[in-house]
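Student:
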Amino acid sequence: MSAVAVSGFQTLNALTSRKITNNLSSNNKVNISSHCLSLISTSFSHPNYLQIQNPRNDFRFINRCSIKPDIDSSDNAIEKNNSIDGTDLDIDSNEQKKLTGLSQNEKPISSISSRGLVFDMGIENSWDSQEIGSPVVKRFLSDEEERWYMWYHGRNSSNGDTVGLAVSSNGVHWERGSGVVQSSSDVGCVMNCSQDWWAFDTESIRPSEIVIMSSSKVRVSSAVYWLYFTGFNAERLEVPGTQKVRVENPERNGEVGAVNDVFRSLPGLAISQDGRHWARIEGEHHSGALFDVGAGNEWDSLFIAEPKVVFHKSGDLRMYYHSFDVESGKFAIGIARSRDGMKWVKLGKIMSGGIEGSFDELGVKSASVVRKRNGGYLMAYEGVAANGEKSIGLAESSDGLKDWNKCARGAVLKPSVGEDGWDDKVVGHPCLVQMDGDADEWRLYYRGISSGGRSGIGMAISQGNDITSFRRWTGFHL
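Its first residue numbered 1, the sequence shown is counted upward by one per residue in UniProt numbering.
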């Protein structure tokens with residue numbers, strides 16, 4: 001199969017692939033200090049490859065992620081990865097009954113009953129029966145079929161947030177699992193919180209971004225998934241001063257009011273060869289996180305949340321994340337850059353709240369950034385209004401750094417109004433997918449919350465030249 005680059009990024013060669021496979025099979029975590037996957041970009045004899053060296057070991061990586069020719073070359077479309085079998089190292093299979101109380105064979109079918117809703121909460125006693133959100137959606141394209149994968153967070157009444165996987169043939173109707181995955185073709189809960197007392201992610205974990213890596217030197221079935229995620233520990237934080245907006249981390253059911261509920265969170269990284277069985281990469285921070293919050297009065301001194309990673313070019317990756325700036329009293333989005341996807345340098349804030357009366361007056365958060373096929377970057381983000389209402393806006397940038405311009409004066413997707421208001425209180429946590437073909441079409445997956453506190457995952461579609469015109473999915477005629 002011929003291939004073109006879709007999301008140039010570092011991938012494991014055969015030697016490293018065997019080492020990772022052994023780590024996955026033996027239920028070992030990968031410690032960055034002893035098995036550092038640091039990538040230093042250098043030229044290579046073949047234009048499609050990037051030789052990577054690390055002074056601490058002999059690992060080698062190759063640049064490029066391959067897909068079918070003439071198909072969407074955005075970060076959201078990748079070639080199908082024929083999964084290999086493995087052993088889950090983050091969730092003991094013996095814990096399944098405790099987590100779900102159900103057999104893995106009892107798979108609920110996603111509910112499609114309200115306008116825009118494509119994924120509802122799980123059935124009673126399933127791992128995601130109380131809350132869902134943080135959709136990370138990717139398309140897998142091959143000569144034979146189209147396949148969609150969605151990683152998301154879920155929670156039941158007795159556990160914190162964990163990460164799950166659902167699959168689909170069209171990105172609308174999803175197959176899900178009520179328990180812990182048992183094989184490399186299974187769906188359900190795929191990653192649990194850390195059991196190490198010192199770790200940054202002992203209480204909750206939420207997926208932020210998936211980057212797939214493969215090359216023609218490694219068969220497609222050996223491609224490696226990199227999961228960037230937010231990890232929360234039990235450290236409850238005091239928010240200094242009197243704030244105009246309720247500060248909540250992690251956000252739960254969309255409540256508004258004066259009471260803050262903030263826990264420390266940091267960015268993490270895990271790797272997998274099938275998207276289901278994950279090995280954490282322990283960063284240089286003592287907690288295992290990739291990096292720490294800001295010091296003193298820096299804008300991101302409270303927490304780091306939702307690290308979204310985009311490849312720009314060899315040796316240049318960008319991470320977009322948000323925090324709450326105590327000094328300004330607003331949520332803000334910042335950027336960090338890396339040469340290897342592991343060691344990051346913060347560059348500061350790139351976007352904050354809008355003007356008085358705007359839908360994002362009290363801040364912006366939960367950025368989803370996509371590098372467009374025709375150049376430039378598009379960001380969907382969650383805006384917080386003065387009354388606490390949350391909706392989704394768009395911004396564009398030519399270089400993906402600090403030069404971001406909002407695409408519209410108002411939100412492109414607001415909480416719904418009507419009888420079937422499954423998302424009538426909050427819309428947020430956007431995930432952009434650029435579709436293939438001549439038409440300029442985008443899908444926007446998002447988390448919605450009803451006035452009763454019930455969460456779900458929805459989809460809106462934009463077609464044509466006006467990227468700011470999104471409408472909720474109502475059927476396949478769209």
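We put the CB at the ideal spot given by N, CA and C, even for glycine.
Pairs of beta-carbons, one from the segment 376-395 and one from the segment 424-442, closer than 8 Å: are there three or more?
Tutor: Counting Cβ pairs under 8 Å, three or more are found: they touch.
Student: Is the segment 237-253 touching the segment 327-334 in the sense that three or more CB pairs, one from each, lie closer than 8 Å?
Tutor: Enough Cβ pairs lie closer than 8 Å, so yes.
Student: Verify whether the separation of the beta carbon atoms of Met319 and Ser338 is less than 8 Å.
Tutor: Cβ distance < 8 Å, so Met319 and Ser338 count as in contact.
Student: Since Thr474 sits in a beta bridge, which residues does DSSP pair it with?
Tutor: Thr474 is not bridged to any residue.
Student: If you check the beta carbons only, do Ile205 and Val163 fall under 8 Å apart?
Tutor: Taking 8 Å as the Cβ cut-off, Ile205 and Val163 qualify as a contacting pair.
Student: Check the C-beta distance from Trp198 over to Ser287 and give it rounded, since I have them as a contact under 8 Å.
Tutor: About 6 Å separates the two Cβ atoms, so the contact holds.
Student: If you draw a straight line from the C-alpha of Ile132 to the C-alpha of Val187, how long is it?
Tutor: Distance between the alpha carbons of Ile132 and Val187 is about 15 Å.
Student: Over the uninterrupted beta strand (DSSP E) stretch that includes Thr162, give me the two end residues.
Tutor: Here the beta strand (DSSP E) through Thr162 covers 162-168.
Student: Anyone know if the C-beta pair for Phe200 and Leu237 falls short of 8 Å?
Tutor: No; because the gap between Cβ atoms is not below 8 Å, this pair is not in contact.
Student: Helix, strand or coil, according to DSSP, for Arg371 in the structure here?
Tutor: Three-state DSSP puts Arg371 in a strand.
Student: Are the CB atoms of Phe470 and Leu444 nearer to each other than 8 Å?
Tutor: Contact flag set, yes.
Student: Can you grab the Cα-Cα spacing for the pair Asp360 / Asn260, in whole Å?
Tutor: Each residue's Cα considered, the two are about 19 Å apart.
Student: If you check the beta carbons only, do Gly353 and Val369 fall under 8 Å apart?
Tutor: Their beta carbons are not under 8 Å apart, which means Gly353 does not touch Val369 by this criterion.
Student: Give every residue of the same chain whose Cβ lies closer than 8 Å to the Cβ of Glu146, excluding the five residues on either side of it in the sequence, and list them in chain order.
Tutor: Hits under 8 Å: Arg139, Phe140, Ser169, Asn170.
Student: Only counting the same chain, and skipping five residues up and downstream in sequence, which positions put a Cβ closer than 7 Å to that of Gly160?
Tutor: The answer, listed in chain order, is Cys193, Glu203, Ser204.
Student: I need the straight-line Cα distance from Glu235 to Thr474, nearest angstrom please.
Tutor: Rounded to whole angstroms, Glu235 to Thr474 spans 42 Å at the Cα level.
Student: What's the call for Asn465, buried or exposed, on a 16-neighbour Cβ count within 10 Å?
Tutor: Exposed, by the Cβ-count rule.
Student: Taking only three categories from DSSP, how would you classify His286?
Tutor: Coil.
Student: Tell whether a beta-carbon distance below 8 Å holds between Glu209 and Lys343.
Tutor: The answer is no: Cβ separation not under 8 Å.
Student: Across the segment 115-125 and the segment 442-458, are there enough close Cβ pairs to call them in contact, namely three or more that are closer than 8 Å?
Tutor: Short answer: they touch.
Student: Give a yes or no on whether the C-beta atoms belonging to Ser157 and Gln130 are separated by under 8 Å.
Tutor: A contact, by the Cβ cut-off of 8 Å.
Student: By the three-class DSSP mapping on this structure, what secondary structure does residue 480 have?
Tutor: In this structure the chain extends from 1 to 478, so residue 480 is not present and cannot be described.
Student: By how many angstroms is the C-alpha of Glu396 removed from the C-alpha of Tyr381?
Tutor: Taking the straight line joining both Cα atoms gives about 11 Å.
Student: Tell me which same chain residues have a C-beta within less than 6 Å of the C-beta of Ser462, skipping the five on either side of it?
Tutor: Taken in chain order, the residues that qualify are Trp442, Ser469, Phe470.
Student: So the beta strand (DSSP E) residue 499 belongs to, where does it begin and stop?
Tutor: Outside the shown range of the chain (1 to 478) lies residue 499, about which nothing can therefore be said.
Student: With distances taken from CA atoms, which of Gln243, Ala305, His277, Gly341 is nearest Phe311?
Tutor: Of the listed residues, the one whose Cα sits closest to Phe311 is Gly341.
Student: Per DSSP, Lys138 forms a beta bridge with which residues?
Tutor: For Lys138, which the question treats as bridged, DSSP gives the partners Tyr149.
Student: Shortest alpha-carbon distance to Arg373 belongs to which of Val384, Gly383, Asp436?
Tutor: Nearest of Val384, Gly383, Asp436 to Arg373, Cα basis: Asp436.
Student: Name the one or two DSSP bridge partners that His429 has.
Tutor: DSSP output for His429 lists no bridge partner at all.
Student: Please classify Ser469: does DSSP put it in a helix, a strand, or coil?
Tutor: Coil at Ser469, not helix or strand.
Student: Under three-state DSSP, which class holds Trp174?
Tutor: Three-state DSSP puts Trp174 in a strand.
Student: Please go through the same chain and pick out, in chain order, the residues whose beta-carbon is closer than 8 Å to the beta-carbon of Pro240, but skip the five residues on each side of it.
Tutor: Only Val326 meet the Cβ criterion.
Student: Give me the DSSP bridge partner(s) of Thr230.
Tutor: Paired residues: Arg206, Pro267.
Student: Check each candidate in Val190, Asp424, Ser178 and name the one with the smallest Cα separation from Ser126.
Tutor: Checking every option, the nearest Cα to that of Ser126 belongs to Ser178.
Student: Rounded to whole angstroms, what is the Cα-Cα separation between Gly315 and Met191?
Tutor: One C-alpha to the other measures close to 29 Å.
Student: Of the residues Ala279, Trp422, Met351, which one's Cα is nearest the Cα of Leu401?
Tutor: The option with the nearest alpha carbon to Leu401 is Met351.
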